Amino acid sequence: MDEQEAFDQVYQSLASIIKREKESAEAYRKQILEQDPLDLSDDFVRGNMKLEDEQQLKKTLQKLDMTDKQNISSINEKLQEFETTFAALQQEMGVDDYHELVEVYSRKEEENFALFRYVQSTNNEVEQLEDEKLALEREIQK
1 MDEQEAFDQV YQSLASIIKR EKESAEAYRK QILEQDPLDL SDDFVRGNMK
51 LEDEQQLKKT LQKLDMTDKQ NISSINEKLQ EFETTFAALQ QEMGVDDYHE
101 LVEVYSRKEE ENFALFRYVQ STNNEVEQLE DEKLALEREI QK
């Protein structure tokens with residue numbers, strides 16, 4: 001058996017395993033969906049949790065709640081900062097719509113880049129003129 005045949009055989013066996021796993025997962029998903037979501041025989045629903053388990057669950061929920069509140073607070077602070085910055089940009093640029101703000105920003109960015117290219121070109125020209133000046137000074141000194 002050559003290498004390609006061995007690969008094909010392994011590939012086919014993996015494909016069949018994946019297919020079986022997918023079918024099994026789908027069957028399990030259907031089984032879970034068919035179950036009554038409020039199974040009243042469950043100890044947790046009937047109130048038969050141990051006190052330790054209940055306290056641990058309460059601590060976990062409190063930690064999750066605190067984390068959620070901190071995350072929400074952090075997001076609200078960032079949102080407020082973005083809104084303040086956006087309002088300042090709108091006022092400074094004299095625009096009301098964010099599309100217009102982006103358009104103005106893009107235009108200004110293009111202008112700045114054009115100015116940068118102009119300055120770069122001018123600097124190159126100055127360097128070239130300085131080189132020519134030095135060459136002329138050397139020629140005069142000879």
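Each residue of the sequence shown is one higher than the last, beginning at 1 in UniProt numbering. Don't be surprised by glycine CBs; every beta carbon is placed ideally from N, CA and C. As the structure is a computational prediction, the values presented were derived from the model and not from experiment.
How far does the alpha helix (DSSP H) with residue i in it extend, from its first residue to its last?
i, result
"M93", "51-93"
"D131", "98-141"
For chain B, check one thing: does any of its Cβ atoms lie closer than 8 angstroms to the Cβ of residue i?
i, result
"K30", "Among the protein chains of the structure shown there is no chain B, as only one such chain exists."
In angstroms, rounded to a whole number, what distance separates the CA positions of residue i and residue j?
i, j, result
"K133", "T122", "16 angstroms"
"Q56", "M66", "15 angstroms"
"D131", "N124", "11 angstroms"
"E127", "Q120", "11 angstroms"
"Q62", "L51", "16 angstroms"
"E54", "Y28", "29 angstroms"
"D97", "E83", "13 angstroms"
"F86", "Q70", "24 angstroms"
"E23", "V104", "55 angstroms"
"T60", "S74", "21 angstroms"
"E81", "D68", "20 angstroms"
Residues in the same chain with beta-carbon distance under 6 angstroms from residue i, minus the five sequence neighbours each way, listed in chain order, please.
i, result
"Q31", "none"
So, for residue i: in the same chain, excluding its five sequence neighbours on each side, which residues have a beta-carbon less than 7 angstroms away from its beta-carbon?
i, result
"L101", "L89, Q90, M93, V95"
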